[in-house]
Amino acid sequence: MRRIAVMNQKGGVGKTTTSVNLAAGLARAGQKVLLIDLDPQGHASIHLGVEAYGQVPTIYQVFTGRKKLTEVQQLACENLWLAPANLDLAAAELELVDAQNREIILRDAILACEDQGAFDYIVMDCPPSLTVLTINALTAATEVFIPLQPHFFALQGLSKLFETTALVKRRLNRQLKVAGIVLCLYETGTRLAADITDDLTRFLEESDPQSPWAQARIFSSRIRRNIKLAEAPSFGQSIFDYAPKCTGAEDYLGLANEVLTTASQATRPHAA
Numbered sequence: 001m002r003r004i005a006v007m008n009q010k011g012g013v014g015k016t017t018t019s020v021n022l023a024a025g026l027a028r029a030g031q032k033v034l035l036i037d038l039d040p041q042g043h044a045s046i047h048l049g050v051e052a053y054g055q056v057p058t059i060y061q062v063f064t065g066r067k068k069l070t071e072v073q074q075l076a077c078e079n080l081w082l083a084p085a086n087l088d089l090a091a092a093e094l095e096l097v098d099a100q101n102r103e104i105i106l107r108d109a110i111l112a113c114e115d116q117g118a119f120d121y122i123v124m125d126c127p128p129s130l131t132v133l134t135i136n137a138l139t140a141a142t143e144v145f146i147p148l149q150p151h152f153f154a155l156q157g158l159s160k161l162f163e164t165t166a167l168v169k170r171r172l173n174r175q176l177k178v179a180g181i182v183l184c185l186y187e188t189g190t191r192l193a194a195d196i197t198d199d200l201t202r203f204l205e206e207s208d209p210q211s212p213w214a215q216a217r218i219f220s221s222r223i224r225r226n227i228k229l230a231e232a233p234s235f236g237q238s239i240f241d242y243a244p245k246c247t248g249a250e251d252y253l254g255l256a257n258e259v260l261t262t263a264s265q266a267t268r269p270h271a272a
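Heads up: the sequence shown begins at 1 in full-length UniProt numbering, then just goes up one per residue.
As structure tokens, this is what we get:
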């Protein structure tokens with residue numbers, strides 16, 4: 001089971017859009033996928049038409065030990081399950097301050113789920129800040145995907161993201177690696193987008209081979225600006241259900257296929 005944390009400490013870069021539509025794209029390809037909403041704003045949940053109010057179980061109850069992960073997940077569409085979130089999750093920050101082993105609560109919950117062989121992929125939509133929730137996601141994940149808008153300031157924040165992954169890998173999760181960077185809100189044909197992409201490629205090529213991001217790839221699928229991607233959440237649908245023929249659906253399907261390809265390459269036996 002691949003465990004992917006979708007993370008960026010900067011908001012408005014396509015993090016939740018990528019989490020939801022990558023998960024939906026993998027599900028359409030026949031993979032069993034669990035999307036975990038770790039943002040107290042609950043945007044990933046709303047994006048899939050789930051409003052976690054009243055008695056609806058949420059990921060908050062997993063963090064407080066009241067429920068298991070299997071007890072809060074619900075089927076959002078074929079092959080895609082969601083562990084929803086709401087504002088209650090913000091309280092977890094305070095409630096876990098003095099909790100023992102608070103950084104590994106989610107990891108333990110996922111490992112219990114993994115023992116049952118229920119999913120091929122777990123995708124975690126992290127909050128746009130470095131909190132105990134984000135640390136839990138990085139401790140539980142084997143891979144980090146970073147959605148990035150190709151602007152100058154985005155590169156400045158990237159170094160902080162890399163520092164965070166290095167710290168978590170050193171102290172909490174030796175398996176963690178930055179597996180890929182997803183270029184979102186991409187404006188084709190602009191010089192700036194091409195220059196930022198070149199700078200990023202050069203930075204990765206010159207990185208310390210022992211760093212968690214040393215083998216990171218820039219996904220070939222660029223997520224182009226597309227109004228349908230912005231409209232889909234208000235209808236509670238992934239882009240594949242809302243506008244399956246638009247460029248946004250095309251781009252995220254390409255991303256899902258790239259992710260699947262990396263999985264098949266990793267498991268392919270080497271020639272003798």
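Built from N, CA and C at the ideal position, the CB exists for glycine as well. Owing to the predicted nature of the structure, the values given are computational and were not obtained by experimental measurement.
Within its chain, find whatever has a CB closer than 7 Å to the CB of residue i; leave out the 5 residues flanking it on each side and keep chain order.
i, result
"glutamine 175", "Thr142"
"glutamate 258", "Phe219, Ser220, Ser221"
"alanine 256", "Leu22, Gly25, Leu26, Ala29"
"threonine 70", "Cys113"
"proline 128", "Asn8, Gln9, Lys10, Gly11, Lys15"
"aspartate 199", "Leu155"
"glycine 180", "Phe145, Ala216, Arg217, Phe219"
"alanine 193", "Pro150, Tyr186, Glu187"
Would you list the residues sitting across from residue i in a DSSP beta bridge?
i, result
"proline 150", "Answer is none; proline 150 lacks a bridge partner."
"residue 273", "The requested residue 273 does not occur in the structure, where the chain is confined to residues 1 to 272."
"alanine 83", "Ile36"
"leucine 75", "Trp81"
"arginine 171", "Per DSSP, none; premise fails for arginine 171."
"valine 123", "Ile4, Leu35"
"arginine 217", "Gly180"
"tyrosine 186", "Arg224"
With a 10 Å radius around its C-beta and 16 neighbouring C-beta atoms as the bar for buried, classify residue i as buried or exposed.
i, result
"alanine 216", "buried"
"threonine 261", "exposed"
"proline 190", "Note that residue 190 is threonine in the sequence shown here, rather than proline. Exposed is the call here."
"threonine 58", "buried"
"lysine 160", "exposed"
"residue 274", "A question about residue 274 goes unanswered here, because the residues of the chain that appear run from 1 up to 272."
"glutamine 100", "exposed"
"proline 84", "buried"
"proline 209", "exposed"
"lysine 169", "buried"
"threonine 201", "exposed"
"leucine 96", "buried"
"aspartate 39", "buried"
Using C-beta distances below 6 Å, list every residue in its chain close to residue i, excluding the 5 sequence neighbours before and after it, in chain order.
i, result
"arginine 107", "Thr139, Ala140"
"phenylalanine 119", "Met1, Lys32, Leu34"
"glycine 157", "Lys10"
"histidine 47", "Val20, Pro233"
"valine 178", "Val144, Thr165, Pro212, Trp213, Ala216"
"alanine 272", "Annotation note: pLDDT 33 at alanine 272 (below 50); position unreliable, coordinate value reported separately. Hits under 6 Å: none found."
"leucine 204", "Ala216"
Going along the chain, which residues of its own chain have a beta-carbon closer than 8 Å to the beta-carbon of residue i, five neighbours each way excluded?
i, result
"threonine 197", "Pro150, Leu183, Ile218"
"arginine 225", "Leu185, Tyr186, Glu187"
"leucine 172", "Glu103, Ile104, Ile135, Leu138, Thr139"
"aspartate 251", "Ser221, Arg222, Ile223, Arg224, Asn226"
"alanine 243", "Lys228, Glu231, Ala232, Ala249"
"glutamate 93", "Thr131, Val132, Leu133"
### Task
Count the C-beta pairs between the segment 153–170 and the segment 58–66 that are closer than 8 Å, then say yes if the count reaches three, no if not.
No, the segment 153–170 does not touch the segment 58–66.
### Task
Count the C-beta pairs between the segment 128–144 and the segment 182–197 that are closer than 8 Å, then say yes if the count reaches three, no if not.
no
### Query
Pairing CB atoms from the segment 84–100 with CB atoms from the segment 5–23, are three or more of them under 8 Å?
Cβ pair count under 8 Å is below three, so no.
### Message
My parser needs the alpha helix (DSSP H) runs of 4 or more residues fully inside the segment 225–267; what are they?
### Response
If only uninterrupted alpha helix (DSSP H) runs of at least 4 residues are considered, those enclosed by the segment 225–267 are 227–231, 239–242, 247–267.
### Task
Evaluate contact between the segment 99–106 and the segment 43–53, counting only Cβ atoms and requiring at least three cross-stretch pairs below 8 Å.
no
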